[in-house]
Amino acid sequence: MVIVHQPLAAAELKRARQDPRHVLRWAVKPQGNATQGEGELSGAQFEWFIRALSVAQRLLFESPGFAPLARRADELNEEYDCGDDGSPVLDSFFLPHVLADRTQGFASESPLSVCAFVLRHLGAPTELVSHAEALSESRLHVVWCEAAGDLVGEPRTARLRCPVTGRQWQVEVADPWFRVGLGYLVRIIELPGRDVVLTTPYALLTSEAEWREYFARQLSVPEQESAGGKGAAPKGKRKKPKRAPAGAANSPAQRLYRHMKRGPWPDHWIDFVNEAFAGSVNGCPALGGVPDLPETIPGDPEFDERQEQRWLELLDDDDDDDAGDAMGARAADIPLALRIRLACAVTVREPPAPDDPPLVRLRRLLIEQVFADKLHEEVAEDCERVCKALGADTLSLEHPGGYQLLAAYAFFGLTGRRRKSALERLLDSGRLDEEERALAEEHRCARFSLFEIVTVAPDEGLEVYDLLQEKKLWIRERLFTHQASVGMVLAGWLLDGQEPLTFE
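Taking our numbering, the leading residue of the sequence shown gets 854, the next gets one more, and so forth.
And the structure:
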């Protein structure tokens, strides 16, 4: 019997069992109508993947065990402008990189591996656990496309081959990204009986032969030269080293796995993506060069512009509007409406129970109202309209708290001549009992503002200055007082019609 020690996962499971408000507790029962999809990559299967990423992302920022990694994620996000217009580091590259490839501790645990472990032991839906595990075990691959679309037999399918091992995958893709004969840096997610490419791949402009040479340099294990002396085999009688079995820790397959999962150092692949960006091919970001030869990388100071750049002819034209639109559409990769839908769902972390307090019941009814009226889609439309007015193509909110603000907007915002918020629609529906209606009436006064912290009273509350209404307020708050500091500016929804004031 093999015993795998996972100290971070065990500690997180203990916290989850002791704390009814733990970030993972909401997921122990199915939510929404997502089911295991069949055939091509379905919306239901896509939602299981996004739900797993959303849960792991919240765990990253809320678990004390991952505090160092959360700080590093914030630093990386700021350094590389991940997901922002013009940044080659897409959200869909950055998020799995942080949640699956960045590990902590001697057991090399990641937010997704811990998330999958805890969800399995809490009895979460099988689909959610399996998709979290698949994401946790996924890694980047350098592959060449041998066939795509009708050449494979399915419009959203591609046949990919590893130039190092010769292994082949027939993958389902979310969009028809792949072009036959080109190489790609891509994350392949392997599920039982099917392989999936969920996120935008990076086209590789350097030849397959040059990438094979790169891997030969990186994965080679130099023979240990004998220094003579005690313990050295006599000259001429040294035994030929045995080839390591495929499952050995230092076999070529394992070295390739480690190299593509974590690289020689943690920032290896994100550095390469950032510096090697050279344009786009078929609407996908394209990378030039190989990581260990800086003279081949377009964004490196040592890049040799005198070398022949045959790959330039592969790039989309600058004035190709369709390619530009495709890049803009794929920059965020994960639909904003779906992220807001998931943010609404996670505001209630417990499965329904007969003794649920009125506030929990009210939240569930609000979520049902949002989904029934598709208000999360209206919120996404509002965000996109604001982005367009500001000259931005996409909305990038790496911290999950940003999407929680948009969920609150779906519950309490959406004001207008012809629109009502979910709360107002719920009050009109006649579905609320006396306690729920009283709470709903209190929440009518919820408003959004920016608050600068003036004083922090641990376990009691915050004195803040409301920057939009230009007045000081005292807000009752316990948990956040241990994270807050004077001068910090908070964006949030305030319950303004009751005393003492509280954040929603």
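Built from N, CA and C at the ideal position, the CB exists for glycine as well.
Only a predicted model underlies this, so the values are computations on that prediction, with no experimental measurement involved.
- Cβ-Cβ distances below 8 angstroms link E915 to V876 in the same chain, with the five nearest sequence neighbours on each side left out; the list follows chain order.
- Residues of the same chain with a CB within less than 8 angstroms of the CB of Q910, apart from the 5 flanking positions on each side, are L948, L952, P964 and P1253 in chain order.
- Contact check between the region 1023-1039 and the region 997-1010: three or more CB pairs, one atom from each, fall below 8 angstroms, which counts as touching.
- The Cβ neighbour count for C998, taken over all protein chains shown within 10 Å, is at least 16; the residue is labelled buried.
- In the structure shown, R925 adopts helical secondary structure according to DSSP, grouped into three states.
- Sequence-distant Cβ neighbours of L981 in its own chain, meaning closer than 7 angstroms and more than five residues away, are A880, W901, R904, A905 and L972.
- Annotation for K1227: no alpha helix (DSSP H) segment contains it, and DSSP assigns it neither H nor E.
- A buried status is given to S1274, since no fewer than 16 other beta-carbon atoms sit within 10 Å of its beta-carbon.
- As the crow flies, the alpha-carbon of W1346 is around 20 angstroms from that of E1221.
- For E1305, the enclosing beta strand (DSSP E) begins and ends at A1299 to A1310.
- Excluding sequence positions up to five before and after A1129, its CB lies within less than 7 angstroms of the CB of L1140, G1141, G1142, I1150, P1151 and G1152, all in the same chain and listed in chain order.
- Linking R1290 to E1313 through their CA atoms gives a straight-line distance of about 28 angstroms.
- Cβ-Cβ separation between P1008 and P1138: approximately 23 angstroms, too far for a contact (criterion under 8 angstroms).
- Taking a C-beta distance under 8 angstroms as the contact criterion, A1106 and I1193 do not qualify as a contact pair.
- Within the region 940-1019, the runs of beta strand (DSSP E) at least 3 residues long that lie entirely inside it are, in chain order, 992-1001 and 1010-1014.
- By the CB criterion at 8 angstroms, Q859 and E962 fall inside the cutoff.
- Bridge pairing for K1325: Y1318 [DSSP].
- Membership of D1209 in any alpha helix (DSSP H) is not indicated, and neither H nor E is assigned to it by DSSP.
- The C-alpha of G958 is placed about 23 angstroms away from the C-alpha of Q871.
- Sequence-distant Cβ neighbours of L1051 in its own chain, meaning closer than 8 angstroms and more than five residues away, are L894, F899, F902, S945, A1027, R1040 and I1042.
- By a beta-carbon distance limit of 8 angstroms, A1299 contacts F1265. Their separation comes to about 4 angstroms.
- For L1109, the enclosing alpha helix (DSSP H) stretches over residues P1105 to R1115.
- Beta-carbon to beta-carbon, A1131 and L1038 are separated by about 13 angstroms, too far to satisfy the 8 angstroms threshold.
- Comparing C-alpha distances from I1306 to each of R1297, S1338, L1292 and Q1322 shows the shortest one belongs to S1338.
- Proximity to F1304 across K867, P978, D1286 and V1342 peaks at V1342, based on C-alpha coordinates.
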